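Participant: Note that the UniProt record's numbering gives residue 189 to position 189 of the sequence shown, counting from 1, and the numbers run on in steps of one.
Take this structure, written in structure tokens, and hold onto it; I'll ask about it next.
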Amino acid sequence: MLLQVKNLSHTYDPDIKSNNYTLKDINFEVQKGEFIGLIGHTGSGKSTLVQTLNALIHPTKGEIIIDGQDITKIKNLKEIRKKVGLVFQYPEHQLFEENIAADVSFGPKNLGLNEDEVDRRVKQALEWVNLDYEEFKDRSPFRLSGGQQRRVAIAGVLAMEPEILILDEPTAGLDPKARVELINEIVNLKDKFGLTIILISHRMEEIAQLADRILVLESGKLVLEGSPSYV
Ligand code: ATP
Ligand code: MG
Numbered sequence: 001m002l003l004q005v006k007n008l009s010h011t012y013d014p015d016i017k018s019n020n021y022t023l024k025d026i027n028f029e030v031q032k033g034e035f036i037g038l039i040g041h042t043g044s045g046k047s048t049l050v051q052t053l054n055a056l057i058h059p060t061k062g063e064i065i066i067d068g069q070d071i072t073k074i075k076n077l078k079e080i081r082k083k084v085g086l087v088f089q090y091p092e093h094q095l096f097e098e099n100i101a102a103d104v105s106f107g108p109k110n111l112g113l114n115e116d117e118v119d120r121r122v123k124q125a126l127e128w129v130n131l132d133y134e135e136f137k138d139r140s141p142f143r144l145s146g147g148q149q150r151r152v153a154i155a156g157v158l159a160m161e162p163e164i165l166i167l168d169e170p171t172a173g174l175d176p177k178a179r180v181e182l183i184n185e186i187v188n189l190k191d192k193f194g195l196t197i198i199l200i201s202h203r204m205e206e207i208a209q210l211a212d213r214i215l216v217l218e219s220g221k222l223v224l225e226g227s228p229s230y231v
């Protein structure tokens, strides 16, 4: 088993006794190479859940076991980011350097990889998301279309070569054609590398044909889990 989430609960309320839980006693498992669709209404806790998986949020209770290790106990965040890559719901929150090459190379540089390896990963990652390296490397990430920004954010995460790729609403705000293109690229990544993917979407019809399994969150609880046809 690649990922096991056990009795995971989270409250943003500093007063734990308030019982104001955003995630309530969540349990699920993910196998290597699985494509999981995570759906649920606005405010149901989807973004909070995936941020705990990436250690951006420390859960109030529970365990998140990846490759046999409880990541809630790991202090060195680089160890976690190498395993779990998260593309934020608002990708502009993930872009901060003056040019795209610098942005995509930030993660691998931080891992302490040598320059050649960093360059290789940046070129590779941009190729994977269909952005031409020569054309885009010197451009500002802030002067791109929404779809291009998302691609840069995805490239930055892929350059870390994670085992699990999590995408929080990657197609939000894209037109139907761009949505299909991006989804196809994500499916290609899974097929090529056997990547494990967790994809959040509001659109059941969008992930129904793609996902091996769907998880449904409702008010912080995992209320349904099964194959897309069952859900
Ligand atoms: P959406 O589909 O709109 O993105 P979501 O399912 O991702 O929604 P979350 O962002 O996880 O939902 O939010 C779950 C609940 O936690 C909501 O009630 C929200 O108001 C609350 N919440 C989210 N972030 C914070 C925060 N930083 N501080 C306090 N409460 C928060
Ligand atoms: Mg969200």
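Positions of the beta carbon are idealized from the N, C-alpha and C atoms, including for glycine.
Nothing here was measured: the structure is a model prediction, and the numbers come from that model.
To the nearest angstrom, how far is the alpha carbon of residue 101 from that of residue 154?
Facilitator: Near 13 Å, if we compare the C-alpha coordinates of residue 154 and residue 101.
Participant: Does the pairing of the segment 31 to 50 with the segment 186 to 206 give three or more beta-carbon distances under 8 Å?
Facilitator: Yes, since at least three Cβ pairs between the segment 31 to 50 and the segment 186 to 206 fall closer than 8 Å, the two stretches touch.
Participant: Please report the distance separating the alpha-carbon of residue 73 from that of residue 204.
Facilitator: When rounded, the distance between both Cα atoms is 34 Å.
Participant: Quick one: what's got a C-beta closer than 6 Å to residue 94's C-beta in the same chain, skipping five residues either side?
Facilitator: Closer than 6 Å at the Cβ level, and outside the excluded window around residue 94, lie 88 and 153.
Participant: State the Cα-Cα distance for the pair residue 188 and residue 18, rounded to the nearest angstrom.
Facilitator: In a straight line, the C-alpha of residue 188 is about 45 Å away from that of residue 18.
Participant: Residue 91 and residue 51 - do their beta-carbons sit closer together than 8 Å?
Facilitator: No, they are not a contact pair.
Participant: Pick from 49, 219 and 78: whose alpha carbon is nearest that of residue 112?
Facilitator: Measuring from the Cα of residue 112, the nearest candidate turns out to be 78.
Participant: Please enumerate, following chain order, all residues with a beta carbon closer than 6 Å to at least one heavy atom belonging to the ligand ATP.
Facilitator: With the cut-off at 6 Å, the residues found are 12, 22, 40, 42, 43, 44, 45, 46, 47, 48 and 89.
Participant: Could you tell me whether the segment 171 to 187 touches the segment 206 to 218, using the rule of 3 or more Cβ pairs below 8 Å?
Facilitator: Touching, yes, given that three or more Cβ pairs across the two stretches are closer than 8 Å.
Participant: List in chain order: all unbroken alpha helix (DSSP H) runs of 4+ residues lying wholly within the segment 69 to 115.
Facilitator: Taking only runs of at least 4 residues, the alpha helix (DSSP H) segments lying wholly in the segment 69 to 115 are 77 to 83 and 100 to 110.
Participant: Thinking C-beta only, is residue 64 closer than 8 Å to residue 122?
Facilitator: Going by C-beta atoms, residue 122 is not nearer than 8 Å to residue 64.
Participant: Tell me, please, which residues DSSP counts as bridged to residue 200.
Facilitator: According to DSSP, residue 200 bridges with 38 and 168.
Participant: What does the alpha-carbon distance come out to for the pair residue 143 and residue 98?
Facilitator: Spanning the two alpha carbons is a distance of roughly 10 Å.
Participant: For residue 209, which three-state DSSP category applies?
Facilitator: Of the three classes helix, strand and coil, the one that applies to residue 209 here is coil, per DSSP.
Participant: Is residue 168 near the ligand MG - that is, is its Cβ less than 7 Å away from at least one heavy atom of it?
Facilitator: For the ligand MG, at least one heavy atom lies less than 7 Å from the Cβ of residue 168.
Participant: If you follow the beta strand (DSSP E) that residue 183 is in, where does it begin and where does it stop?
Facilitator: Per DSSP, residue 183 belongs to no beta strand (DSSP E); it is in the alpha helix (DSSP H), 176 to 193.
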